[in-house]
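Read through the structure below, which is laid out as structure tokens, and then see the notes.
Protein chains: 2
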Amino acid sequence: MRVVVPYAAAEPKTRLADALSADERSAFAEAMLADVLAAVRATGRDPEILATEPVETDAPVVVDPRPLTGAVNAVLAATDDPVAVVMADLALATPDALARLFDAEGEVVLAPGRGGGTNALVARADDFRVDYHGTSYLDHRAAAREVGADATVVDSHRLATDVDERGDLAEVLIHGGSAAGERTPDGAASGDPRETSRARSWLRRAGFALADEAGRTTVERGEAPSRP
Amino acid sequence: MRVVVPYAAAEPKTRLADALSADERSAFAEAMLADVLAAVRATGRDPEILATEPVETDAPVVVDPRPLTGAVNAVLAATDDPVAVVMADLALATPDALARLFDAEGEVVLAPGRGGGTNALVARADDFRVDYHGTSYLDHRAAAREVGADATVVDSHRLATDVDERGDLAEVLIHGGSAAGERTPDGAASGDPRETSRARSWLRRAGFALADEAGRTTVERGEAPSRP
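Taken in sequence, the protein lines are chains A and B.
Numbering follows the numbering used here, in which position 108 of the first sequence is assigned residue number 108; successive positions increment by one, without gaps.
Numbering follows the numbering used here, in which position 49 of the second sequence is assigned residue number 1049; successive positions increment by one, without gaps.
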């Protein structure tokens, strides 16, 4: 199975403009990408990046300047092998969560994002094509039915959390990396308890901390302990 | 294992005031409660309600007017049996998602909510106590360590989605009930494909529909097809 990680290299994460400068958004997006690549590799698979322009990284890069939907469909059309598509801003993705996606049975496997998006998927049906506009999770379920497949759905908070907006940064601070003492439901230890994700470390260095606000934890930015 | 569903019967869901009137918030909260009770029962367990005042329902009700933390801790202190605490506004909860919680190994099992809350938990450690203020997910992990338990974490988008704010309503419209053709990752059919949740039906009757907005699906309210 190929594992493709689409990455918008130019001006990434524009909806974080109220929290981060353009240069900071690029650096933070790179940190999230590195976390996603590491989590994929920890499942025993080799990720490849599908980028809008060349990027410097240690993974193979396919450059396709087209918008996301067209670029992903070109990958799907070019192979008969199963393809997984994992978004580069899934900063909470762990090897366990990704393994649930990769190992799920089904011709089409979907990990819905909060707000109706499709944050990750596996396509084993040759004719399945994506359309990331609108409420793509529902559209992808319909597209799966059209090729004779009932979509399997992976119920994961980690995979449902794409980091697009300021409010999403709290999720990275809370869940980024294997938090101390976390165990998976089968009782196994889940990674190095001291491990923290690159994205979480980056936010900490940039001065972000958790803040309580009207019933839901958000973030506040203080003095940066060091330049991120 | 006891399964306790806390329910704030008086003036529920105040943060939905920009979307629903006070009477509507009560009716919607009751629909979500009924969905949660039905999902718990479908796992083979008998839920009991922990309410701030008497409520008319078909489940046993314990009335405790204290705030959430004190009322839950009174339940925990009164029994040596394992106790599950499942919030009444988990409108996306399915029997499968709840079974992952109930069946997970661990002295303390936590299902984090978006924004750092604790949407559901199982306490098998006698000395474990809750504190729902602030980022309770992190506090409950620390509290588990204090009683010698490493918390097990259930990674579920359905359990992470408590319905507090207008934006959360989109999740109910997208995921409420077993959507047509949904299958679980092990390939089993997940419920009646025609099934929709009471909360989702209520929102539909009240005129809510999905709307695309700046990259994330939200809701809009049109003319109600019937009074909810």
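Each residue gets a CB set at the ideal place from its N, CA and C atoms; glycine is no exception.
Quiz prompt | residue 43 of chain A (DSSP reduced to helix, strand or coil) | solution = Counting from one through the first sequence, the residue named residue 43 of chain A turns up at place 43. Correct three-state label for residue 43 of chain A: coil.
Quiz item: If you compare alpha carbons, which of A:53, A:62 and A:54 is closest to residue 47 of chain A?
Solution: Along the first sequence, read from residue 1 onward, the residue named residue 47 of chain A stands at position 47. For the residues A:53, A:62 and A:54, the minimum Cα distance to residue 47 of chain A belongs to A:62.
Exercise. Could you work out which residues of chain B lie near residue 157 of chain A, taking near to mean beta carbons separated by less than 8 angstroms?
Key: Translated into the one-based positions of the first sequence, residue 157 of chain A becomes position 157. Near residue 157 of chain A (Cβ distances below 8 angstroms), the residues of chain B are 1112, 1114, 1155, 1156, 1157, 1159 and 1160.
Exercise. Take residue 1022 of chain B and list the residues in its own chain whose beta-carbon comes closer than 8 angstroms to its own, dropping the five residues that flank it on each side.
Key: For this step, residue 1022 of chain B is matched to residue 22 along the second sequence. For residue 1022 of chain B, where only same-chain residues beyond five positions count, the Cβ hits under 8 angstroms are 1011.
Quiz prompt | Local conformation of residue 224 of chain A per DSSP, three classes | solution = Taking the first residue of the first sequence as position 1, residue 224 of chain A is located at position 224. Assigned with DSSP and collapsed to three states, residue 224 of chain A falls in coil, not helix or strand.
Quiz item: Along chain B, in chain order, which residues have C-beta atoms closer than 7 angstroms to that of residue 138 of chain A?
Solution: Reading the first sequence from its first residue, position 138 is the one you call residue 138 of chain A. Going along chain B in sequence order, the residues near residue 138 of chain A (Cβ under 7 angstroms) are 1174.
Quiz item: Quick one: which chain B residues come within Cβ less than 8 angstroms of residue 134 of chain A?
Solution: Taking the first sequence and counting its residues from 1, one reaches residue 134 of chain A at position 134. Neighbours of residue 134 of chain A on chain B, chain order: 1212 and 1217.
Quiz item: What residues of chain A sit near residue 1170 of chain B, judged by a beta carbon separation below 8 angstroms?
Solution: Taking the second sequence and counting its residues from 1, one reaches residue 1170 of chain B at position 170. Result: 115 and 116.
Exercise. Give the DSSP-derived three-state secondary structure of residue 1169 of chain B in the structure shown.
Key: The count along the second sequence starts at 1 and reaches residue 1169 of chain B at position 169. Looking at residue 1169 of chain B - three-state DSSP - the assignment turns out to be helix.
Quiz prompt | Chain-ordered neighbours of residue 71 of chain A on chain B, where CB pairs are closer than 8 angstroms | solution = To locate residue 71 of chain A, count along the first sequence from 1; it is residue 71. Correct list: empty, because the minimum Cβ distance to chain B is about 18 angstroms.
Practice problem: Assign residue 1199 of chain B to one of three DSSP states: helix, strand, or coil. | Solution: For the purposes of this step, residue 1199 of chain B is taken as the residue at position 199 of the second sequence. If DSSP states are grouped into helix, strand and coil, residue 1199 of chain B belongs with the helices.
Quiz item: If you measure from the beta carbon of residue 39 of chain A to each beta carbon in chain B, is any gap under 7 angstroms?
Solution: Numbered from 1 along the first sequence, position 39 holds the residue referred to as residue 39 of chain A. No, its Cβ sits nowhere closer than 7 angstroms to a Cβ of chain B.
Quiz item: Who are the near neighbours of residue 1095 of chain B in its chain, counting only those whose CB is closer than 6 angstroms to its CB and skipping five residues on each side?
Solution: Along the second sequence, read from residue 1 onward, the residue named residue 1095 of chain B stands at position 95. Excluding residues within five positions, the ones whose Cβ falls inside 6 angstroms are 1039, 1042 and 1043.
Practice problem: Kindly list, in the order they appear in chain B, the residues whose Cβ is closer than 9 angstroms to that of residue 42 of chain A. | Solution: Counted from its first residue, the first sequence places residue 42 of chain A at position 42. None at all; the shortest Cβ gap to chain B is about 15 angstroms.
Exercise. Just mark residue 184 of chain A as buried or exposed, buried being the case when its beta carbon has 16 or more other beta carbons within 10 Å.
Key: For the purposes of this step, residue 184 of chain A is taken as the residue at position 184 of the first sequence. Residue confidence is low: residue 184 of chain A scores 46 on pLDDT, short of 50, so the model does not pin down where it sits. Its coordinate-derived value is still stated next. By the neighbour-count rule (16 or more Cβ atoms within 10 Å), residue 184 of chain A is buried.
Quiz item: Applying a beta-carbon distance threshold of less than 7 angstroms, which residues of chain A neighbour residue 969 of chain B?
Solution: Because chain B is modelled from 1001 through 1228, residue 969 of chain B falls outside the range shown and cannot be assessed.
Quiz item: Residue range of the beta strand (DSSP E) that residue 2 of chain A falls in?
Solution: Position 2 of the first sequence, counted from the first residue, corresponds to residue 2 of chain A. 2-7 is the span of the beta strand (DSSP E), which, as asked, contains residue 2 of chain A.
Practice problem: In the DSSP assignment, find the beta strand (DSSP E) that holds residue 104 of chain A and state where it starts and stops. | Solution: As a first step, residue 104 of chain A must be located in the first sequence, where it is residue number 104. Run containing residue 104 of chain A: none; DSSP gives neither H nor E here.
Quiz item: residue 1144 of chain B and residue 1113 of chain B: beta carbons closer than 7 angstroms?
Solution: Looking up residue 1144 of chain B in the second sequence gives position 144. Looking up residue 1113 of chain B in the second sequence gives position 113. It is not a contact, given that the beta carbons lie outside the stated cut-off.
Quiz item: On the three-pair Cβ rule with 8 angstroms, is the segment 1125-1132 of chain B touching the segment 1145-1153 of chain B?
Solution: Verdict: yes, contact present.
Quiz item: Is residue 71 of chain A helix, strand or coil by DSSP?
Solution: Residue numbering aside, residue 71 of chain A sits at position 71 when the first sequence is read from its first letter. Helix, per DSSP.
Quiz item: What are the residues that DSSP puts in a beta bridge with residue 1212 of chain B?
Solution: Taking the second sequence and counting its residues from 1, one reaches residue 1212 of chain B at position 212. According to DSSP, residue 1212 of chain B bridges with B:1217.
Quiz item: Can the beta-carbon of residue 217 of chain A be found closer than 7 angstroms to that of residue 1115 of chain B?
Solution: Within the first sequence, numbered from 1, the residue matching residue 217 of chain A stands at position 217. Within the second sequence, numbered from 1, the residue matching residue 1115 of chain B stands at position 115. Yes.
Self-check item: C-alpha distance - residue 189 of chain A paired with residue 109 of chain A, whole-angstrom precision
Solution: Sequence index remark: in the first sequence, residue 189 of chain A carries index 189 (1-based). Sequence index remark: in the first sequence, residue 109 of chain A carries index 109 (1-based). Bear in mind that a pLDDT of 42 at residue 189 of chain A, under 50, signals an unreliable position, so the number given afterwards is only what the model happens to contain. Their Cα atoms are separated by approximately 26 angstroms.
Quiz item: Between the C-alpha atoms of residue 1009 of chain B and residue 1031 of chain B, what's the straight-line distance to the nearest angstrom?
Solution: Position 9 of the second sequence, counted from the first residue, corresponds to residue 1009 of chain B. Position 31 of the second sequence, counted from the first residue, corresponds to residue 1031 of chain B. Distance between the alpha carbons of residue 1009 of chain B and residue 1031 of chain B is about 12 angstroms.
Quiz item: Do the segment 197-205 of chain A and the segment 170-179 of chain A meet, that is, are 3 or more Cβ pairs less than 8 angstroms apart?
Solution: The segment 197-205 of chain A, when compared against the segment 170-179 of chain A, does touch it at the 8 angstroms Cβ threshold.
Practice problem: Sort out for me which residues DSSP pairs residue 1121 of chain B with in a bridge. | Solution: If you number the second sequence from 1, residue 1121 of chain B lands on position 121. Paired residue(s): B:1085 and B:1110.
Quiz prompt | Residues near residue 73 of chain A in its chain [Cβ-Cβ closer than 8 angstroms; skip 5 each side] | solution = Numbered from 1 along the first sequence, position 73 holds the residue referred to as residue 73 of chain A. The residues are 129 and 130.
Self-check item: Best match in A:223, A:67 and A:165 for proximity to residue 91 of chain A [C-alpha to C-alpha]
Solution: Within the first sequence, numbered from 1, the residue matching residue 91 of chain A stands at position 91. Of A:223, A:67 and A:165, the residue nearest in Cα terms is A:165.
Practice problem: Starting from residue 63 of chain A, trace the beta strand (DSSP E) both ways and give me its first and last residue. | Solution: Translated into positions along the first sequence, residue 63 of chain A becomes position 63. Start and end: 61-63.
Quiz prompt | Buried/exposed call for residue 52 of chain A, threshold 16 Cβ in 10 Å | solution = For the purposes of this step, residue 52 of chain A is identified with residue 52 of the first sequence, where counting begins at 1. Residue 52 of chain A is buried by the Cβ-count criterion.
Quiz prompt | Range of the contiguous alpha helix (DSSP H) that encloses residue 146 of chain A | solution = Within the first sequence, numbered from 1, the residue matching residue 146 of chain A stands at position 146. Taken as a continuous stretch (DSSP letters only), the alpha helix (DSSP H) holding residue 146 of chain A covers 136-146.
Quiz prompt | residue 86 of chain A and residue 5 of chain A closer than 7 angstroms at C-beta | solution = Along the first sequence, read from residue 1 onward, the residue named residue 86 of chain A stands at position 86. Along the first sequence, read from residue 1 onward, the residue named residue 5 of chain A stands at position 5. Yes. Within cutoff.
Quiz item: What residues match up with residue 1206 of chain B in a beta bridge as DSSP calls it?
Solution: Taking the second sequence and counting its residues from 1, the one referred to as residue 1206 of chain B is at position 206. When beta bridges are read from the DSSP output, residue 1206 of chain B appears opposite no residue.
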